[in-house]
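The structure is reproduced here in structure tokens:
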């Protein structure tokens, strides 16, 4: 599954177009590397999301595309999270 689609399906970002823009702006990294929106993710990958005032590091634990998956099954496990003031440019 693409990273932008995962961020939307996991409800971390409300719209896929916004997730796509966050990737293009360099605010999403996968396993320590900044990635574009089309990169494929899999269970076990570590994602860092720096979006607005929010920083989150999480590990993917579920497949959002699995047919008949339990909607209560978590798709990610938070490793680190904080809200910090926006840095001035």
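In our numbering, the protein residues as written are 9 to 97. No residue lacks a Cβ here, since even glycine has one placed at the ideal position from N, Cα and C. Keep in mind that this is a model prediction, so the values were computed, not measured.
Using a 10 Å radius around the Cβ and a threshold of 16 neighbouring Cβ atoms, would you call residue i buried or exposed?
i: residue 21; result: buried
i: residue 32; result: exposed
i: residue 11; result: buried
i: residue 57; result: buried
i: residue 74; result: exposed
Measure the Cβ-Cβ separation of residue i and residue j and say whether it is below 8 Å.
i: residue 6; j: residue 27; result: Because the chain in this structure spans residues 9 to 97, residue 6 falls outside the shown range and cannot be described.
i: residue 63; j: residue 39; result: no
i: residue 68; j: residue 51; result: yes
In terms of alpha-carbon separation, which member of the options lies closest to residue i?
i: residue 65; options: 25, 23, 41 and 9; result: 41
i: residue 86; options: 54, 72, 36 and 71; result: 54
i: residue 59; options: 30, 15, 25 and 13; result: 30
request  = Jot down the residue ranges of each uninterrupted beta strand (DSSP E) in the region 38-73, minimum 3 residues, whole runs only, in chain order.
outcome  = Secondary structure within the region 38-73: the beta strand (DSSP E) runs of 3 or more consecutive residues, fully enclosed, are 54-59 and 62-68 (chain order).
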